Each structure stands twice: as C-alpha cells, then as structure tokens.
Amino acid sequence: MTEIMQTGLGLLAAIQEGIPIRPPAASSIAEGVDRLHFFLTGITLFFTAVIFAIIFYFMVKYRRRSEDERPADIEGSLPLEVVWTVIPTLLVAVVFVWASSLYFENSRPPSASMEIFVIGKQWMWHLQHPEGPREINELHVPVNVPVKLTMTSEDVIHDFYIPAFRVKKDAVPGRYTSLWFQATKLGTYHLFCAQYCGADHAEMIGWVYVMTPSDYAAWLSGGARGEPMAQAGEKLFNRLGCATCHLPDGTGKGPSLVGLYGKQEKLRSGEMKLVDETLIRQAIVTPNSFLLPNYAPVMPTFQGLINEEQVLQLIAYVKSLGPEERKANSK
Amino acid sequence: MSTAVIDALPEASAQPSRVNYLNASYGIRSWLLTTDHKRIALLYLSSITLMFFVGGAFAVLMRLHLIQPQGALVEPDTYNKLFTLHGVIMIFFFLIPSIPATLGNFLVPMMVGARDLAFPRLNLLSWYIYAIGAIFTLYATISGGVDTGWTFYPPYSSTFSHTQVVPVALGVFITGFSSILTGLNFVVTIHKMRAPGLTWFRLPLFIWAIYATSIIMILGTPVVAITIFLLGLERLLHVGIFDPKIGGDPVLFQHLFWFYSHPAVYIMILPGLGVMSELVTCFSRKRIFGYSFVAFSSMAIAVISFLVWGHHMFVTGQSVYAGLIFSVLSFLVAIPSAVKVFNWTATLYKGSISYQAPMLYALGFIGLFTMGGLTGLFLASLATDVHLNGTYFIVAHFHYIMVGGAVMAYLGGIHFWWPKITGRMYPDGWARFAALVIFVGFNLTFFPQFIIGYLGMPRRYAVYPPEFQVLNVMSSAGASILGVGYLIPLIYLIWSMRYGPAAGPNPWQAKGLEWETPSPPPTENFEEIPVVTEEAYDYAAPHTGVARG
Amino acid sequence: MSEHIVPVRIYIGVFLALMALTALTTAVAFIDLGRWNTVAALAIAVTKMFLVVLFFMHLKYSSGLTQLVLLAGFFWLAIMVTLTLSDELTRWWTQTSGSWSALLPFLLRLF
Amino acid sequence: MADLAAHGVHPPGFAHQFEDMEQQRDAGSLGMWVFLVTEIMFFGGLFASYIIYRALDLRAFETGSRLLDIRFGAANTAVLIGSSLTMALAIRSAQVGKPKSQIIFYLIMTMILGALFLGLKFTFEWRHDYVEHLVPGFGFAYKGPFAHGVELFFCFYFFMTGLHALHMIVGLGILTVLTIMASRGRFTEQYYAPLEISGLYWHFVDIVWIFLFPLLYLIGGRYVLGGN
C-alpha cells in the first residue's frame, strides 16, 4: 500500500515538474534531426486537423434530416484527384531529399575521428579505447571531438543507441558495423540496447559521459586501465604463433603484414579487395576464405580460440603496422 | 445494383422460421464438416475472437507490468514471453485472418453473386490448417512460451533462446498455408465466379480490397513460410544459412522476413480500407467519390508494399545505398493511402450522413488511420528513423494502423454486416457507446507512446528508467479503458444473437448484392443467380428493397 | 482453352529437345568460357523451362490471365532478389569512398 | 446441398457452386496456376538466398559445386524429363478418350520414373555425400580451402534438393490417387480436370529441378580439374 502511495506521490511530483517532450540534444546532428522531426510533426498535426475539421463540418452540415433523403450523385472529379495526388507526392519528395541528405552526411565519419571499439554481449556493452582503457556499460568521450565506433557482437544482434545523440546502429555478430557522433554538450546521457537480445535486454543499458578534453585526458591516464590495444595485439600475435609465418620481410609462409592495412590486395582470382577491419577479421576467423597469389592456404582457423576482443586487438596491431591513412591503389 | 431475383419473397421471410444457412442443418458435425462459406466464416469468427482475447489479455498484463519502472508484475523473462506471444497471436492469428477470413469469407461470394467460393472444401481445409497452427501456438504458450519477439530474429531465435521456438515457428508456418489457400480461393472466385453483368468496375470496393489483399497473401506468405522453415531447421541442426559462424548473414533473414511481413501489414489494413468504402457510402447515401481511384489505389498499395521492406532495417547495418532506395519507395506508398482518405472525405460532401454505430467506427478509423499513416513518414525518412527505430514510437505508429485502423474497421464491418450474418439487430446505443469508449481508450493508450519513443525509450523493455514513468502510466490507464471497450461489443453482440430484434434483409437500406437476399441468407445465398445491371453504390436511384414489386 | 489437344509428335519432339539440351548443358560445363559458363547454363535452363511450360503445361494454349499469373510470380521473385542484392552487394560503400561513381560497377553486377 | 436437384442433372464430378462444367474447369486450372505461383515464391526464398551468397562468395560456391557428382545430376534430369513426358501423355489419353488401361499405364510409368529419381537421390547421391562427410549438421568435415563457404553451399544443396524431393514425394502420393481414380473409370473426355491440374504440379516440380541442376552442379567451373 505504501508502495502505491509512494508511486502516486512520485508521479504527482513528476507531473508538477512537467512531462518532458524532447530528449536532450547533445550531438552535432541532433538539432538537424530534430528540425526534420518537428517539420514532420507539423505536417502530421496539420493534415490530421484538416481532415478532422472537414469531417466534422460535413457531419454537421450534411447530417441526415429525413429517412427519405436521396442526395444527388457525384461521380468524382479528375482535377481534385490530380491535386490530392500531386501535393502529397511533392511533399514526400521534399521530405525524402531533406532526410536522405541528412542521413547520408550522418553516415560518414569525418576522417579525423577518434576510434573506439564496441562489443555487444548478452547483456552488457564492452567498450575499448585504443589507448588501453576498457569500460563496461560506460562510455567516456571528449566533447566536440568526432568519435567513430566500430562495433560487433559476441552472440546475438544488439543495437547501440544513444538517444541524446540521435544515433543508433546494430552490432551484428560476424561483421563490423560503425557509427559516429560528435558530442556537443557536457553531461551524462543514456545508452540503450535497442534490438531485443534476450532475457535481460532491458538491463543492457549504461551511461555516456561527455567530458572536457582535459578531463578526458586525465581519465585516460588515470590508474592502470590496461595496455593499449595494439600492444596487447602484438603480444597476442606472438603468443598465438602468428609471427612464425607472417614475417615482416615477406619470406614466411604467410604474407607480410607491414603496411598492409588500407591497401587494395589482389586475390588469386584476380579480384581486388580492400584490407580493412572486416577483411582482417575474416582472415583470422575463417582463413582460406580467400586465396592470395603466392601463398598456400595453410593457415589454421582461430574461430573459438580467441574472442572478439582479441580479434580487435590483433586488428589494432595490424593497423599499427600499416600506413595511417588509407592510400587507394597504393600497389 | 438491383435485381429482380427475390421479389417473390414474402415479408415474413425476415423471421427466423425461414430456412437459412444457420438452421439448414443441426449438430456439431454439420458445422465442423460444412463447406458453406458463411458457416466457415463463423468458425473463423469464433476462433479469431478467442485468439483476440488471449492476445489482448497478454497486452493488459504488459501494460499493468509497466506501471512501475522496475516492473510491477512479472519477471523480465515472463515479460519477454508476454510481448512475443501478444505479437505472434495478434498478427498471425488475429489480424491477418481477421477481415479476410470472416467478413471476406462471408461476403465475397455474396458480393460477386455466387453460391459459394470456387473451392468450398479447400476453404474448410484452410480453417482446419489455421486451427492446427493456433493449437501449436497455444500449446507452446502453455508449455513455457517463447521469448524471441514475433520477428524471430536469428541468431537469438536459432541459437540462443531456450524457449519453445520450434513449436511456435511451426504454428506460424502452418497458419501461413491457411492464408495462402484463402487468398487463392478469393482470387479464383473473383475472377471466375462473378454474376452475369458484374464487370470489374461494378464490383464493390471491398472486393477490390480483398483482391489486392489476396495478391499479397499469395505472393508474400510463401516467402515467410520458407524463411521460418529454414530458421526451424537451423535451430534443430545447429547449422544453417543464417549462421554467422560459417559466414551466413543473420541480416538476410530480416530481408526475407520483411519481404513478407511488411506487405503483411497491408494484408491487415487493405481489407479494412475496403470495409471503409462500404461504410462511408452506405451511411452518407452517396456513390463513392472517384471509384476508379479508390479501386486502383488498393492495387497500387498491394504492389508498392512489396518494394519497401528495407525501412525496417535502416539501422541493421544495411547498406546506405539500399537505405536510400527503400526510403524513396516507402514514401511512395503514402500516396495511394492519402488518395483513399481524401476520397472518403469527399464522399461525405453533400451526403445524407447518419450516425449509426458502424459509421462511428468508420469516422474513428479515418482519423486514426490518418495519424498512423502520417507518423509513418517519420519512419520512411532516414534521418528521423535512425532515432525512432526500435523505440516506442514504432509501437505507437503501428498500433495506430493495426488497432486504430484494422481493428476499428473490423469492428465497423462486424457491426455493419451483423444483421446479415445473424438476422438480428444489436442495441445501437450500446454500440455507439462502445465505439466512443474504444476511440478514447485507444488514443489514451497509444498517443503517449509517440512521445515516449521520441524521448528514446526502446521497445521490448521489461524495466525502464524512471523518467519515462508518467507517460507509461498514462498509457496503461488508457489500456484499461480500451480493454473494457472491447468487452462491451462482445457482450451485446452475443446477447443479440438470441434476443435481438429481427433485422430484415436490408436494415441500413444499403446497396450491394448481399443486401438483396434475406437475413440470414439461404445456404446457396441466392434463389437464383442475379443479373447485375447497375454500377456499384447507386444510392441516388430510388431505393429498391426487398418489398419492392 | 484447356481443351486443346496437343498431338503426340509434339510431345515427343519437346521431350527429345529437352534431352538434347540436357546433354548440351552438361557438355558446355566442361568447356572454359569464363563467366559465360553461367550465362550458358542459365540460358539453357530458361529455354527448357519454356518448353515445359508452353507445351507440357499447355501455357501456349491458355488464356492471357494464366500467362499473367505466371509472369507475376517471376516478377515478384525478381523484386525479392534485386532489392536484397542492392543491400548485400553495397554494404562496403560508405565505409570506403561514399562517392556515387564507386557504386556503378557493383550496381552493374545486380543486372 | 438439399437443392442440388434444383439445378437439374449434371455430369459426374460437377460441383454445385459452379454454373457449368467449363467454369469449373477454368476455375480449377486457374487455382492450380495461382498455387504454382506460391510455389515459385516458396522456392524463390531459397533461390534468392542462394544467388546472394553465391555472389558474395563465388569461389567457395564453385568449390562446393565441384564436390558434387555431375553424373547423378544429369541422369536425374533425364529421368524427370521422361516422367514429364509420360504425365503429359496420360492427360492426353484421357482427353482423347483412350481406354483407362492406357491412362493407368502412363501414370504408373510416371510413378516409376519419379521413384527412380528419388532412389538415385537418396540411396546413391546423399549416401555418397554422407560418407564423404559433406552433410552439414551430420559430421560435416570438409577441411580444404573455403571450408565455411563450402559448408554454406552444402546447406543450400541439402535444403534445396530436400525440399524438391519432398515435393516429389507429395507428387507420388497424388499420382497414386489418380491411378486409383483412373482404375475406377472416373476420367472421361469431359472430366479429366484432376489429371490436368496434377499434371501442372508435376511439371512444375520438373522445372524446379531444371534450375537446380545447373545452379548446383554445372556453374562451378567443371572444366577446372582439381585446385583453383
């Protein structure tokens, strides 16, 4: 009983404070998305109001006055049909162009983005900064810096969602997806899993902390937060015996990995493939799923032997061996 | 449409003593082995009503649970099963068969002037298939339930869930064939069994809508059947084509699933749009405004509905290029829907509008469908969809279409044709009251969810951050009103079957072949196959009822 | 329409043509034609399908409606394949260049 | 049904909801064609997935294809085409009013060829695959290059041929019923619709195989003998 009372009082207090109708807008794209959202809200309210008004007017004006009424026939009107086909068409064309250009911009990270890696796992978010710190269900980022997240999942499909930033993307097992944002306001914001993932889906939530750059730097260096990813990857590279075949000078059983990241590699079939995170992951987890011209398919699979976090460390190591910027057609 | 067929019927034919399809034979066998489309419609009516209240009970439990942020009623596990079963039952066992299998089965042969559907035994088989599918699903519900969501996304459903995925998947798979065979039966009937003189452009718009629906059932349902089948195999064999461990793509499942399941939304709403055209014309005594535009918009919706499924997947890591294509196609489908709304509104112009219960449902439908349709623009538009996808905004949007649209139209249709089906009238005052309660309860339940979603609360959450509580409580309060609203018609409709006054062949003075035969109709619908000489909805002509001649 | 009676010699002729095409397609599979191997195999399969549909299934003698029904089936299948491929083959797009011209060669692969 | 008599005398096999025999036959035939369209979409889901995965991982699918024995595929194609011929001849025999023994003969020939197809498939081909450890989920153990893609290919191979075989088995059941009906003299020059629409189904199953044969067996680059 007291519980109900408390709930009631809490609700009353919340209503007095006012029910929020807009989530915090704390990223560089949030305002743009909201402008479109409010434009669409306006369209919805306008057309609903117009339709309702016309219906009510007709309802009153043309109400049945006697049982024997036989209103005259109206077949229809071609001009009217054209008008109310063309106007919605133009309207949705405008919305499409507006929304799509916004989305297109929002889907491409700036080249100077800071990178963070995300692994979804029933039911928590693992986040790893290249500099070393690992977090669970918490993400610390500096304000006004573009951040690119590279995401995957250990098990089922999850979805990384920060409402305040208006960004959302699935973390899909077996491949990498990415999203980016640039936080614009200091503060603490919700992080949700927005793709149903099992029993504790609703508990797969956390917080994003947007900090000043100096606070962020202090946070990064504060305490023993694990070694940098590339360094961990290098250790793993040696421990797993990768180094015995992938010699730096290219004389081993496997190709040299130096300077490989970002290149276009030619396969035995003649096809060109870009060496990116996805391809390196494929090479580690399902080796021999593509063949290289001068090497025999002898690499053993590491599926089940290392987890997604370790794969990411290996990738970070390979990236550290390669050119920083991707040079297309460098071969 | 006027015919000279049943002039000879005496006035007393409205009395139940006359031989009709309901009293032509007795006993449980005469129902379970019937091939009469009207009796099969009633078999469907009773079974989907049962499923509706089972699914509705799950919804009520969910809304009760969400009164408190930490969950007021059940464990998260149980909550996940509740929303899954609510979705599976409402979509596959209520909404998809709702109007087509009950009103469609009852009316299609009568509206085209035929004695029965083209394949009556196949029709009965469809009901049995539906019933078997429903039994599998109910069995799974009792024996532990299922927690994958009605969308069955792998790898959760194929590998990680520990619940009764296979029985439910089997239930959905089996029921799919019921839907396919019903659609097939309608298409053949509409093509081959129309009465003499009943050309395509003299057909009631309900028939056009059912025809468009059947096309979707025929072309879409097999795809979801094979997809669910592959999922079941993958779960049983621990290997399959959606398995990321061997390079399979779980997102491909979503493509195949939505290839059917998006058009399936139109399986649910298109027949409702057809019912609307019948209701609006009858209760404003007007020919439909722009007949051919309304008819072709149904066909346009059926075709375009197959081109838009990718908008369910804008955030799944689908390519940006595909996102752009699916977005522009999704916007297109808004246009024929808008055309319909404008034409109904124009039909009211200079009409003679009466406010009996079916018309109240119809007017409620127009408003809610307009809102549901317009909020769809938020989800077709890429930039806003990224924020709203997977939140309560989606839940609110599709409930405006499915409940505010399809269920309102279904109830309107049931109220409209109830006198034809049973030969009895229900109390109109109660029916209007129920329509009002449902309209108010519905908006209270689902309008707050638009805001909850925009604020960022994801759907399928058993617990949620406390700042969303106020709106959730509002929604739950609305749900209790809505629940009561649905119980009222159940009571007075059952009451009317026994105690309602006799309706007579055409209580609404409506046009259409089904109104020119007694209520309830005889087993073969017409004494003699009618010859049609007039356009549809010819309300301007002096009324030619049964007593004429 | 369905009452049309096809002479036995046409059935036999169609049967022999189908057997010959089966032999042909098997033989062609052993000759290196590059990507034309796929084209040849599928072209022969389509030809065989037409023979069966037109003569064994009497579509040649059937109404336009029946032909339309079949056409609809293939049209919808094409929708499913094309739109799904438009996602699966272009996922790398924005992760690399994001320019429209980079898409072209992959879009051509769709058709 | 009580007033069936009111419609007067009708030929055997006539159903009360129709106006005349021609309307009934038209409806039956259209119904079957519509059903076949649903079958196109049913198999279509699998074919579409196959096309997509093959486009994404061409080399693996070619490697998988070369592990199949082309002789079984070709022989089964010939067998099925033969069964389509006998099916067409069975219908024609009814159409032109041949004695029932001839209809029965062609129907039984069709069944024998259908059974031969399934026999080759199950007892030789699938057993061979099982022995070679090529059945996903049942001790799949292929270890060469593209192992994962090859496993995917074999998933498709067994799903597709299995579904096709299931349709063949249903077809054999239908043929059995038709043979019984024929032996009771049910088919005449006026009434052979069950034969005709079952024939459509049988030919459709044949067409599915006509596509499965090249997709699974032929387009893997047979000319490359061993290696890549």
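Residue numbers (our numbering), protein chains in the order written: chain A, 40 to 370; chain B, 461 to 1009; chain C, 1119 to 1229; chain D, 282 to 509. Ideal Cβ placement from N, Cα and C applies to all residues, glycine included. A quick note: this is a predicted structure, and the numbers were derived from the prediction, not measured.
Residue-level contact to chain B via CB, residue 450/D, 8 angstroms cutoff: As a first step, residue 450/D must be located in the fourth sequence, where it is residue number 169. No - not a single Cβ of chain B is within 8 angstroms of the one on residue 450/D.
Residue 473/B to residue 296/D span [Cα, whole Å]: For this step, residue 473/B is matched to residue 13 along the second sequence. For this step, residue 296/D is matched to residue 15 along the fourth sequence. For residue 473/B, the pLDDT reaches just 42, beneath the cut-off of 50, and the residue's location in the model is therefore unreliable, leaving the point undetermined.
Interface positions of the region 480-494 of chain D facing chain B (Cβ-Cβ less than 7 angstroms), listed along the chain: none
Residues near residue 357/A in its chain [Cβ-Cβ closer than 8 angstroms; skip 5 each side]: Position 318 of the first sequence, counted from the start, is the residue given in the question as residue 357/A. The answer, listed in chain order, is 272, 296, 299, 300 and 319.
In chain order, each beta strand (DSSP E) run of at least 3 residues that lies wholly inside the region 241-280 of chain A: 245-250
Closest residue to residue 61/A among 990/B, 646/B and 916/B (Cα-Cα distance): Residue mapping note: residue 61/A aligns to position 22 of the first sequence, counting from 1. Of 990/B, 646/B and 916/B, the residue nearest in Cα terms is 916/B.
Unbroken beta strand (DSSP E) run spanning residue 153/A, endpoints: As a first step, residue 153/A must be located in the first sequence, where it is residue number 114. 153-160 is the span of the beta strand (DSSP E), which, as asked, contains residue 153/A.
Chain C contact for residue 275/D (CB, 8 angstroms cutoff): As displayed, chain D neither begins before 282 nor continues past 509, which places residue 275/D out of reach and without an answer.
For residue 174/A, the three-state DSSP class (helix, strand or coil): Numbered from 1 along the first sequence, position 135 holds the residue referred to as residue 174/A. Here residue 174/A sits in strand by DSSP.
Continuous alpha helix (DSSP H) stretch holding residue 846/B: start and end: Here residue 846/B refers to the residue found at position 386 when the second sequence is read from its first residue. It spans 842-848 - the alpha helix (DSSP H) in which residue 846/B sits, taken as one unbroken run.
Residue burial classification, residue 746/B (beta-carbon count within 10 angstroms, cutoff 16): Taking the second sequence and counting its residues from 1, one reaches residue 746/B at position 286. Buried, by the Cβ-count rule.
Contact set between residue 785/B and chain C, taken where Cβ atoms lie within less than 8 angstroms: Along the second sequence, read from residue 1 onward, the residue named residue 785/B stands at position 325. Here the neighbours are 1201 and 1204.
Reduced DSSP secondary structure (H/G/I, E/B, other) of residue 73/A: Walking along the first sequence from the start, residue 73/A turns up at place 34. Three-state DSSP puts residue 73/A in a helix.
Cβ shell of residue 1131/C (< 7 angstroms), same chain only, five flanking positions each side left out: Numbered from its first residue, the third sequence carries residue 1131/C at position 13. Taken in chain order, the list of residues that qualify is empty.
Own chain residues within Cβ distance below 7 angstroms of residue 179/A, not counting five before or after: Against the first sequence, residue 179/A aligns to sequence position 140. Contacts found: 248, 250, 255 and 258.
Interface flag, residue 249/A vs chain B, CB-CB below 8 angstroms: To locate residue 249/A, count along the first sequence from 1; it is residue 210. Output row for residue 249/A: interface = no.
Residue 350/A, buried or exposed, once every other Cβ within 10 Å from all chains shown has been counted against 16: Numbered from 1 along the first sequence, position 311 holds the residue referred to as residue 350/A. That one is buried.
Beta-bridge pairing of residue 180/A - partner residues as DSSP gives them: The count along the first sequence starts at 1 and reaches residue 180/A at position 141. In DSSP, residue 180/A forms a bridge with 249/A.
Cutoff 8 angstroms: residue 1156/C Cβ touching any chain B Cβ: Against the third sequence, residue 1156/C aligns to sequence position 38. Taking Cβ atoms only, chain B never reaches closer than 8 angstroms to residue 1156/C, which makes this a no.
Close beta carbons around residue 252/A, own chain, < 6 angstroms, minus the five adjacent residues each side: Residue 252/A sits at position 213 when you count from the first residue of the first sequence. Here the set comprises 181.
Proximal residues of chain C, C-beta to C-beta of residue 467/D below 7 angstroms: The residue labelled residue 467/D in the question sits at position 186 within the fourth sequence. The premise fails here: residue 467/D is roughly 18 angstroms from chain C at the closest Cβ pair, so nothing lies under 7 angstroms.
Pair within 8 angstroms by beta-carbon distance, residue 539/B and residue 547/B: On the second sequence, position 79 is the one that residue 539/B refers to. On the second sequence, position 87 is the one that residue 547/B refers to. No.
Bridge partner(s) assigned by DSSP for residue 311/A: Along the first sequence, one-based indexing puts residue 311/A at 272. DSSP, once it has assigned bridges, lists 305/A as partnering residue 311/A.
Within 8 angstroms of chain D by C-beta, residues of the region 672-693 of chain B in sequence order: 678, 679, 680, 681, 682, 683, 685, 686, 687, 690 and 693
Element boundaries [beta strand (DSSP E), containing residue 906/B]: In the second sequence, residue 906/B corresponds to position 446, counting from 1. First-last for residue 906/B: 888-915, but that is the alpha helix (DSSP H), not the beta strand (DSSP E).
Chain B residues whose Cβ lies nearer than 8 angstroms to that of residue 1134/C: If you number the third sequence from 1, residue 1134/C lands on position 16. Those within 8 angstroms of residue 1134/C in chain B number zero; the least Cβ separation is about 34 angstroms.
8 angstroms Cβ shell around residue 815/B - same chain, five flanking residues per side excluded: Stepping through the second sequence from its first residue, residue 815/B is reached at position 355. Correct list, in chain order: 743 and 892.
Chain D contact for residue 336/A (CB, 8 angstroms cutoff): Counted from its first residue, the first sequence places residue 336/A at position 297. So yes, residue 336/A belongs to the interface.
For residue 373/D and residue 463/D, the rounded distance between their alpha carbons: Position 182 of the fourth sequence, counting from 1, holds the residue named residue 463/D. Position 92 of the fourth sequence, counting from 1, holds the residue named residue 373/D. If you take the alpha carbons of residue 463/D and residue 373/D, they lie about 13 angstroms apart.
Buried or exposed (CB count within 10 angstroms, at least 16 for buried), residue 507/B: Locating residue 507/B in the second sequence gives position 47, counting from the first residue. With 16 or more other Cβ atoms within 10 Å, it is buried.
Beta-carbon neighbours of residue 974/B, restricted to chain A and to distances below 9 angstroms: Working through the second sequence from its first residue, we reach residue 974/B at position 514. What residue 974/B touches in chain A: nothing, since even the nearest Cβ is about 21 angstroms away.
Cβ neighbour criterion (16 or more within 10 Å) applied to residue 843/B: Your numbering for residue 843/B matches position 383 in the second sequence. Flag for residue 843/B reads buried.
Chain-ordered chain C contacts of residue 779/B [CB-CB under 7 angstroms]: Start at 1 with the first residue of the second sequence, and residue 779/B comes out as number 319. Those are 1205, 1208, 1209 and 1211, listed as they occur along chain C.
Chain-ordered chain B contacts of residue 1197/C [CB-CB under 7 angstroms]: In the third sequence, residue 1197/C corresponds to position 79, counting from 1. Near residue 1197/C (Cβ distances below 7 angstroms), the residues of chain B are 766 and 767.
CB-CB length for residue 880/B against residue 974/B, believed under 8 angstroms: To locate residue 880/B, count along the second sequence from 1; it is residue 420. To locate residue 974/B, count along the second sequence from 1; it is residue 514. Indeed they touch by this definition, with Cβ atoms about 6 angstroms apart.
Contact with chain B by residue 98/A, beta-carbon distance below 8 angstroms: For the purposes of this step, residue 98/A is taken as the residue at position 59 of the first sequence. So yes, residue 98/A belongs to the interface.
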